[in-house]
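What follows is one structure encoded as structure tokens, with my remarks underneath.
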Amino acid sequence: MKYSRNRIVAAARGDIKMDLVIRNAQLVNVFTAEIYTADIGIKENRFSAIAAYENDMPSFHMEGEKELDAKGKYAIPGLIDCHVHIESTMVTPDMFAREVLRNGTTTAVIDPHEIGNVLGKEGVEYMAAASRNLPVQILLTIPSCVPAVPGVETAGAAFGPEDIDELLDLPEAVGIAEVMDYVGVINQDDRMAGIVEAGLQKNMLNEGHLPRVYGKDLQAYLAAGVNTDHESRKSDEIIEKLRAGMLVYIRESSVSQFADIAAEAWKTLPYASNIAMCTDDVEPSDMLKNGQMSRVVRRCIEEGIPAPLAIRYASLNGAVRFGLRDQGAIAPGYIASFSLVNTMEDMDINDVFVEGKQMVKEKQVMETIASEVPPLAKNTVSIPALTEEDFQIPAPVQNGKVMVNTMEMLPIGTTQKSTTDLDVVNGVISSLPDDYLYVSVTGRHGQGRKPFVGILKNAGLQEGAYATTIAHDSHNLVIVGKNTKDMLLAAKQLEASGGGLCLVSNQEVKAQVDLPIAGLMAAEPVEELAPKIDAFNQAASSMGVKVGRRSPSMALSSLTLSVIPEVRITDIGLLDVAAQEFIPLFETEQ
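Going left to right, the sequence shown walks through residues 1 to 590 as full-length UniProt numbering numbers them.
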């Protein structure tokens, strides 16, 4: 947006009127972590002057062409989401912008590695183009994990250092997205060292992803040139990372919520300056009910972090990280993107302004928001012809019992390896105990391979089958089930629809959400998609699904995430994440 600095300065001097004066606001000052009454003057797209109150009166008077009495409301800077996957909201960038704007987010740093793993450069370029010229400023980080770990999973594309170097030339690019193969970075394998170096050579930021890593490995990761993290799972982990100079993003997503442990770490290090915030993955129904970046701030306040400090983490610190020198605060000369909030405790956002223009009034978006490019239209679910037998597990004996290595889901969202004895009849596993399921991963990017099938414990499903094409990060087709017949029907349903979510029981489809754009997104507003997700979640819960603390629709999304300890499953096999080695399905295998 063009602006005249002379006119902004003239308005600050009082020579000309402000375009808009917000009176009687409770200003959240992110520089000093204070809240006090002030009048806020806006000229063109910037804050021109701020008049703090003294003895119930502004310290100086400003006149505006328009005035708005904000008495009782809090003025906060536009929120900055430092790391988010638009694809996980299951809607296109314009629909994402419409919803997050209503929740006070005016800048989002996106990582399109979900669609990148399906459609390669075409997918990344689509997300960049579809995100341009929207009222929410969308910055782009280039995916480093396409796939996350080559050789242990198969994606729809493979990015090396040269591909990432080329994509870094996109005008919205600010860095390389979460460097998830931390083992490769720490060990300086050629691919990961080259990817990180590509960012450093172009003076770009390298964004991190480092769960449960301490000591020498943490030091090595930082020394390699990657210095953020949003995956810390314990307060001592956060403390060690903060002390090492890492910028820690407090994350509250639909799958993982870490505000409580972040607040615990903050109590030990209350003066730490290297904290920001992100949402990572928030599905549409959850976002509609619980907000977006506003949810992260709210949770931090609930956990005892002072509100002004929580707002600083959600605005100014993100702006500093991404070099947005005139954003992230309400102060003279800064871009006038901000919100008026009814109550800080629940982050009840009422009005949102973008570059001085009101875009949300009394919680309603005032303008139509649409991308400049149409949604991608192609079916990306390319799987081989499947039969019921493809979901059976052949055993190394004809009849009797075998000991099987399984993947066990833990309440904290991680996994571990366990074993169980299973019956074999006519050369295949014949039945499963109550807490166990078949789990299959079928390559959907034209690999032509039949599913890899393993055993999963503690997912909760008591009947039928659950299928999804949302399976980080290669997004192959994942199905868990109690029986192979329902698993086959679920696979056929998603193949025909182009991807999404499906629940089947007794050969009947109980719920289905179609996500035809790369098997990840639908071109519809959040408020239209959310009820479909709600219906799916209700059906999943009724069928026993118990993982996914807020959203059963995300329950299986991380089973294939080959960089989260300890055990994951891919289209190739059962994986020991730390060793990056496959685990034999049967304990007797060598």
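Positions of the beta carbon are idealized from the N, C-alpha and C atoms, including for glycine.
Sheet register partners of residue i (DSSP bridge)
i, result
"residue 43", "46"
"residue 342", "Paired residues: none, contrary to the question."
"residue 394", "428"
"residue 441", "452, 478"
"residue 77", "338"
"residue 468", "478, 501"
"residue 576", "567, 581"
"residue 405", "419"
"residue 26", "37, 74"
"residue 64", "18"
"residue 375", "DSSP output for residue 375 lists no bridge partner at all."
"residue 400", "424"
"residue 411", "Paired residue(s): none; residue 411 is not in a bridge."
"residue 150", "153"
"residue 591", "The structure shown does not extend to residue 591, since the chain spans only 1 to 590, so no value can be given for it."
"residue 52", "38"
Cutoff 6 Å; reference residue i; Cβ partners in own chain excluding five residues on either side
i, result
"residue 112", "124, 127"
"residue 149", "181, 562"
"residue 591", "The structure shown does not extend to residue 591, since the chain spans only 1 to 590, so no value can be given for it."
"residue 347", "294, 297, 298"
"residue 81", "105, 108, 278, 279, 293"
"residue 398", "427"
"residue 408", "416, 418, 457, 458"
Spatial neighbours of residue i in its chain, beta-carbon cut-off 8 Å, leaving aside the 5 residues before and after
i, result
"residue 7", "16, 43, 44"
"residue 91", "99, 284, 521, 522, 523, 524, 525, 526, 529"
"residue 578", "183, 565, 566"
"residue 489", "465, 504, 507, 509"
"residue 222", "244, 245, 246"
Residue i to residue j span [Cα, whole Å]
i, j, result
"residue 291", "residue 499", "26 Å"
"residue 591", "residue 445", "Lying before the first or after the last residue shown, residue 591 is absent from the chain, which here runs from 1 to 590."
"residue 517", "residue 375", "7 Å"
"residue 179", "residue 207", "6 Å"
"residue 361", "residue 496", "41 Å"
"residue 31", "residue 329", "8 Å"
"residue 280", "residue 238", "17 Å"
"residue 216", "residue 575", "24 Å"
"residue 65", "residue 372", "33 Å"
"residue 235", "residue 324", "29 Å"
"residue 50", "residue 343", "21 Å"
"residue 94", "residue 421", "50 Å"
"residue 314", "residue 424", "55 Å"
"residue 432", "residue 585", "15 Å"
"residue 252", "residue 212", "17 Å"
"residue 282", "residue 89", "5 Å"
"residue 78", "residue 339", "6 Å"
"residue 493", "residue 435", "26 Å"
"residue 484", "residue 29", "58 Å"
Cβ neighbour criterion (16 or more within 10 Å) applied to residue i
i, result
"residue 243", "exposed"
"residue 506", "exposed"
"residue 256", "buried"
"residue 401", "exposed"
"residue 72", "exposed"
"residue 536", "buried"
"residue 367", "exposed"
"residue 558", "buried"
"residue 587", "exposed"
"residue 96", "buried"
"residue 289", "exposed"
"residue 162", "exposed"
"residue 270", "exposed"
"residue 554", "buried"
"residue 36", "exposed"
"residue 363", "exposed"
"residue 131", "buried"
Close Cβ partners of residue i (< 7 Å) along its chain, the five nearest in sequence each way excluded
i, result
"residue 336", "42, 45, 46, 47, 353, 355, 356"
"residue 202", "168"
"residue 573", "452, 582"
"residue 487", "391, 438, 440, 465, 479, 481"
"residue 260", "303"
"residue 165", "198"
is_contact[residue i, chain D] using C-beta, thresh 8 Å
i, result
"residue 273", "Among the protein chains of the structure shown there is no chain D, as only one such chain exists."
Any non-hydrogen atom of the ligand MG within 7 Å of residue i CB
i, result
"residue 586", "Ligands displayed in this structure: none; no statement on the ligand MG is therefore possible."
* Secondary structure, alpha helix (DSSP H): runs of 4+ residues fully inside the region 164–240 -> 182–187, 190–201, 215–223
* Kindly provide the ranges of any beta strand (DSSP E) runs that are 3 or more residues long and lie completely inside the region 88–143, ordered along the chain. => 105–110, 137–142
* Segments of 3+ residues assigned as beta strand (DSSP E) that fall wholly inside the region 491–535 -> 500–505, 508–514
* To do: Return the chain-ordered ranges of every alpha helix (DSSP H) run that is complete within the region 292–338 and spans a minimum of 4 residues.
  => Given a length threshold of 4 residues, each whole run of the alpha helix (DSSP H) inside the region 292–338 is given here in chain order: 293–302, 307–314, 316–321.
* Which full runs of the beta strand (DSSP E) of 3+ residues lie inside the region 233–287, going along the chain? -> 247–251, 275–278
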